[in-house]
Amino acid sequence: MFQTSLYMFAEFGSSVILPCSHSDDFINSVSWYKHSFGKKPLLIAYSEHGSGSITYQNGFNNSNKYHIRTGNGSFNLTIIHLEEYDFATYYCAVRFLNIVKFGEGTILLHKESDRIRSTTVLQQPVSDRLHPGDSVTLQCSVISQICAGEYSVYWFRHSSGHSHPGLIYTRDNRSDQCMERSENGFSTQSCVYSLSQTELRPSDAGVYYCAVATCGKIHFGNGTKLIIEALTFWNPVVLTLFTISIISIIVNIFLVRLIHKNQKKGKYIKISLLQSQIRY
Numbered sequence: 014m015f016q017t018s019l020y021m022f023a024e025f026g027s028s029v030i031l032p033c034s035h036s037d038d039f040i041n042s043v044s045w046y047k048h049s050f051g052k053k054p055l056l057i058a059y060s061e062h063g064s065g066s067i068t069y070q071n072g073f074n075n076s077n078k079y080h081i082r083t084g085n086g087s088f089n090l091t092i093i094h095l096e097e098y099d100f101a102t103y104y105c106a107v108r109f110l111n112i113v114k115f116g117e118g119t120i121l122l123h124k125e126s127d128r129i130r131s132t133t134v135l136q137q138p139v140s141d142r143l144h145p146g147d148s149v150t151l152q153c154s155v156i157s158q159i160c161a162g163e164y165s166v167y168w169f170r171h172s173s174g175h176s177h178p179g180l181i182y183t184r185d186n187r188s189d190q191c192m193e194r195s196e197n198g199f200s201t202q203s204c205v206y207s208l209s210q211t212e213l214r215p216s217d218a219g220v221y222y223c224a225v226a227t228c229g230k231i232h233f234g235n236g237t238k239l240i241i242e243a244l245t246f247w248n249p250v251v252l253t254l255f256t257i258s259i260i261s262i263i264v265n266i267f268l269v270r271l272i273h274k275n276q277k278k279g280k281y282i283k284i285s286l287l288q289s290q291i292r293y
């Protein structure tokens with residue numbers, strides 16, 4: 014299963030075709046998913062292998078914007094009259110029995126109509142529950158059509174009770190994790206930046222924004238919300254530790270009493286033997 018384009022640039026109002034090719038061997042169905050940043054993936058449509066019919070889901074056929082054309086080993090998605098909410102990541106997937114295999118995805122990005130090279134900042138949500146003392150690494154992907162020149166990366170945190178985000182970290186040099194591609198006549202560069210937070214405290218909670226300053230403009234990501242849950246008594250971790258502690262105390266008390274009892278019994282036996290020896 015193969016998606017040919019990792020990035021695709023398009024203008025508002027235009028149409029795009031997202032190609033997907035797959036093998037016909039060991040496939041029960043093929044489908045397309047839409048993943049808007051910070052939201053759950055949505056199933057657009059699927060087709061059972063060999064049926065020739067396409068079933069749309071989640072209202073994607075209501076606007077008549079999404080069309081899928083099937084062929085010999087192909088399952089291509091067409092999106093017409095692009096609007097802002099259409100710019101997202103699209104995944105083609107195949108299913109065999111209960112195993113689903115996804116393609117690498119195609120990120121549909123907005124290309125400015127005046128041909129000014131654009132920069133897009135993407136942030137992924139944190140899926141794990143965090144507690145005080147935990148560590149977490151936030152990631153920020155910068156996709157730019159600018160192949161030369163420097164830009165600065167900033168991290169902001171917007172905490173509860175504060176009206177404006179506060180600057181917490183800045184970096185002026187480029188990331189080592191960069192990849193360049195050339196597609197549709199445009200050269201793109203994708204760089205990944207990370208912000209590591211260790212020994213988290215409740216005050217570290219908030220929305221973290223990655224921002225990139227380049228060419229006199231600053232581009233913000235969609236933000237990553239960090240929720241830090243306090244360790245209450247009814248928290249499973251605390252409850253488990255408390256239970257283990259109680260069991261440990263009970264076992265220790267039992268062992269101490271058993272040892273003490275055995276010591277008394279041994280002392281009694283010694284006294285009895287001594288008395289027997291005195292009699293004889």
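Under my numbering, the first residue of the sequence shown carries the number 14, and numbering increases by one thereafter.
Note that the Cβ used here is the ideal one computed from N, Cα and C, for glycine as well.
All values reported here derive from a predicted model rather than from experimental measurement.
Judged by DSSP in its simplified three-state form, Lys274 adopts helix.
Glu212 sits in coil when the DSSP states are folded into three classes, being neither helix nor strand. In terms of CA proximity to Ala101, Val134 leads the group Arg108, Leu110, Gly84 and Val134. C-alpha of Ile240 to C-alpha of Gly86: approximately 44 Å in a straight line. Tyr103 sits close to Thr119, with the two beta carbons spaced by under 8 Å. Per DSSP, the unbroken beta strand (DSSP E) holding Lys238 starts and ends at Thr237 to Leu239. Excluding sequence positions up to five before and after Ser172, its CB lies within less than 6 Å of the CB of Gly219, all in the same chain and listed in chain order. Around the beta-carbon of Ile92, 16 or more other beta-carbon atoms lie within 10 Å, marking it buried.
Restricting attention to Leu122, Thr132, Gly146 and Tyr222, the CA atom closest to the CA of Gln210 is found in Gly146. When secondary structure is reduced to three states using DSSP, Val139 falls in the coil class, being assigned neither helix nor strand.
Under the Cβ criterion (8 Å, minimum of three pairs), the region 55–65 counts as touching the region 26–42. Using a 10 angstroms sphere on the CB of Cys223, the tally of other CB atoms reaches 16 or more, which defines it as buried. Nearest C-alpha to Tyr98 among Phe109, Gly26, Ala106 and Leu143: Gly26. For the options Ser154, Ile81 and Leu213, the alpha carbon positioned closest to that of Ser203 is the one of Ser154.
Cβ contact annotation for Glu242 (same chain, cutoff 8 Å, sequence separation greater than five): Arg142, Leu143, His144 and Asn248, in chain order. Non-local beta-carbon contacts of Gly236 in its own chain, meaning distances under 7 Å to residues more than five positions away in sequence, involve Gln136, Val220, Tyr221 and Tyr222 in chain order. Counting the other Cβ atoms within 10 Å of the Cβ of Thr256 gives fewer than 16, which makes it exposed.
Per DSSP, the beta-bridge partners of Tyr104 are Tyr46. Excluding sequence positions up to five before and after Lys78, its CB lies within less than 7 Å of the CB of Ile92, Ile93 and His94, all in the same chain and listed in chain order. A straight-line Cα-Cα distance of about 14 Å links Val149 and Ser216.
Taking the C-beta atoms as reference points, Gln190 is found nearer than 8 Å to Val205. DSSP lists Gln202 as the bridge partner or partners of Glu193. Counting C-beta atoms within 10 angstroms of its own C-beta, Gly234 has 16 or more neighbours from the protein chains shown and is therefore classed as buried. In this structure Ala226 touches Tyr164 by the C-beta definition: roughly 6 Å separates them, less than 8 Å.
Thr132 is the residue among Leu254, Thr253, Asn74 and Thr132 whose C-alpha sits nearest the C-alpha of His232.
For Pro32, same chain residues with a beta-carbon under 6 Å away, outside a window of 5 residues either side, are Thr17 and Asn89 in chain order. By the CB criterion at 8 Å, Tyr20 and Thr253 fall outside the cutoff.
Annotation: the continuous beta strand (DSSP E) that includes Phe88 extends over Ser87 to Ile92.
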